[in-house]
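Be aware that the first sequence starts at 328, since it is given in the numbering used here, and climbs by one per residue. From the three backbone atoms N, C-alpha and C, an ideal C-beta is built for every residue, glycine too.
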Amino acid sequence: MKIGYPCINRTIGCTADRTFRLKSYSESRLIETVENNLDCLLQILEFNVKYNIFFFRITSDLVPFASHPINRFDWINHFQNLFENVGSFIHKHNIRISMHPDQFIVINSPDEGIWERSRAELVYHTQVLDALELDSTARIQLHVGGVYGNKPASMERFALRFSQLPASVQSRLVIENDDRLFTVADCLNVSTITGIPVLFDTFHHSVNNSGETVEQAIALCAETWTMKDGLPMVDYSSQAPGERKGNHAESLDPDHYSTFLKNTQSIDFDIMLEIKDKEASALKAVSLSKSDIRFLN
DNA sequence: TCACGTCAAGCAGAT
DNA sequence: ATCTGCTTGACGTGA
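Encoded structure:
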């Protein structure tokens with residue numbers, strides 16, 4: 328079991344997701360920003376290793392406008408050395424990496440334009456992981472997408488579109504249950520058709536499920552991950568006390584977390600803490616997990 | 001230096 | 001018809 332947090336470190340004072348406005352686009356601005364972002368990414372990973380955090384989600388904003396038509400710069404070759412440098416650090420310390428394209432990436436949209444842009448953005452995410460020379464355990468997590476008034480048809484369209492993606496992208500994708508539309512059961516159905524592993528999100532499951540317990544759901548998801556996919560990835564968070572249903576907690580709830588570990592102890596996985604205070608909660612989790620046999624492995 | 005309107009992109013439910 | 005939450009910040013203009 329590895330413990331991780333997404334994208335941002337609030338302790339070390341740099342950001343790996345610096346960007347700028349489309350109107351301000353220039354090649355020099357892009358180069359300057361990506362240099363900063365890659366440099367900061369390495370700093371974050373160094374911080375993580377120092378504190379026994381070996382799972383990390385790389386921000387989608389690492390290369391701003393990477394899949395936008397305005398960007399015709401060959402950033403992969405230009406930054407090849409920097410990517411390899413970060414990648415070798417990841418290898419050396421056996422860090423697990425994920426990425427999570429944001430809500431605009433919807434491959435099952437009936438709108439061809441949205442599909443085209445989504446495909447381009449997935450290619451970009453794949454290019455980042457490939458430039459880092461990461462193996463097939465480094466994954467891109469995606470939701471199934473929209474329902475458009477017909478869930479079975481939308482799931483079938485997802486499978487069709489998946490089959491039309493480049494093989495390099497296909498081998499990186501995993502699908503995640505969401506909080507409103509596609510449950511674990513839906514994702515498992517899509518997985519049966521496509522072979523895509525299912526990433527279990529605990530919080531989404533708590534607000535959108537088909538009656539399975541967490542233990543049942545996580546076991547079913549785990550079965551969709553093969554050796555080459557690596558350990559199953561799990562997104563973990565809990566309800567913010569007193570806030571609107573669905574809001575992520577500000578900080579790790581030690582009791583909730585310990586109970587979750589106990590309830591899932593028969594399965595090993597890597598856990599991504601989607602909690603607002605980022606690395607602070609990861610540090611708490613590392614300390615709480617030290618008595619867990621999976622963490623010691 | 002600071003305040004604050006806005007930022008590439010989508011969906012679905014609420015108002 | 002328009003706004004809001006997803007992830008929440010931070011860019012950058014105007015004063």
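If serine 578 and threonine 529 are in contact, beta carbons under 8 Å, what's the gap, nearest whole angstrom? Serine 578 to threonine 529, Cβ: 16 Å. No contact.
Pairs of beta-carbons, one from the region 428-436 and one from the region 465-478, closer than 8 Å: are there three or more? yes
Let me make sure I understand the geometry here. Which of Met328, Glu439 and Asp388 has the alpha-carbon closest to that of arginine 345? Asp388
Any idea if isoleucine 502 is buried or exposed, counting beta-carbon neighbours within 10 angstroms, 16 or more meaning buried? buried
Within the region 367-431, note down every full beta strand (DSSP E) run reaching 3 residues or more, in order along the chain. 382-385 and 423-426
Expressed to the nearest angstrom, what Euclidean distance is found between the alpha-carbon atoms of phenylalanine 406 and asparagine 536? 43 Å
Rank Tyr352, Asn363 and Leu368 by C-alpha distance to the C-alpha of phenylalanine 318 and give the top, closest one. Since the first and last residues shown for the chain are 328 and 624, residue 318 lies out of range.
Could you spell out the range, first to last residue, of the alpha helix (DSSP H) harbouring glutamate 483? 478-490
Please report how far the alpha carbon of valine 496 lies from the alpha carbon of leucine 449, in whole angstroms. 7 Å
In whole angstroms, what is the alpha-carbon distance linking threonine 342 and asparagine 398? 22 Å
Given a cut-off of 8 Å, decide if isoleucine 403 and alanine 458 are closer than it, judged by their beta-carbon atoms. yes
Is the beta carbon of arginine 423 closer than 8 Å to that of lysine 329? yes
Would you kindly report the start and end of the unbroken beta strand (DSSP E) that includes aspartate 597? 597-600
Could you check what DSSP says for glycine 473 in three-state terms: helix, strand or coil? coil
Leaving aside the five residues before and after alanine 546 along the sequence, list all residues of the same chain whose C-beta is less than 8 Å from its C-beta, in chain order. Ser593 and Ile594
Output the boundary residues of the beta strand (DSSP E) element that contains glutamate 577. Neither: glutamate 577 is in no beta strand (DSSP E) and is coded neither H nor E.
The alpha helix (DSSP H) that contains proline 333, what's its start and end? Unbroken run through proline 333 is the beta strand (DSSP E), 330-333; no alpha helix (DSSP H).
What number of angstroms, rounded off, separates the C-alpha of asparagine 379 from the C-alpha of tyrosine 584? 18 Å
Is leucine 461 near leucine 409, with beta carbons less than 8 Å apart? no
Going by Cα to Cα distance, which pick from Pro333, Leu349, Val455 and Glu550 is closest to valine 289? Any answer about residue 289 is impossible in this case: the structure gives the chain only from 328 up to 624.
Alpha carbon to alpha carbon, what distance is there between threonine 519 and asparagine 477? 19 Å
State the DSSP-derived secondary structure class of valine 433, mapped to helix, strand or coil. coil
If you draw a straight line from the alpha carbon of alanine 612 to that of serine 618, how long is it in whole angstroms? 11 Å
Could you please give the first and the last residue of the uninterrupted alpha helix (DSSP H) stretch that includes leucine 588? 581-590
Quick one: is arginine 348 buried, meaning 16 or more other Cβ sit within 10 Å of its Cβ, or exposed? exposed
May I ask which residues mark the beginning and end of the beta strand (DSSP E) holding phenylalanine 527? 525-528
Sequence-distant residues of its chain with Cβ nearer than 6 Å to proline 524 (five each side left out): Val501, Thr551, Trp552 and Asp556
Paired residues, beta bridge with tyrosine 645 - DSSP: Missing from the structure shown is residue 645; the chain here goes from 328 to 624 and no further.
Leaving out five residues on either side along the sequence, give the residues of the same chain with a beta carbon under 7 Å from the beta carbon of leucine 615. Pro581, Tyr584 and Ser585
Let's see if you can read the secondary structure: which residues bound the beta strand (DSSP E) around leucine 558? That residue, leucine 558, is in no beta strand (DSSP E); it is neither H nor E in DSSP.
Where glutamate 539 falls: helix, strand or coil (DSSP): coil
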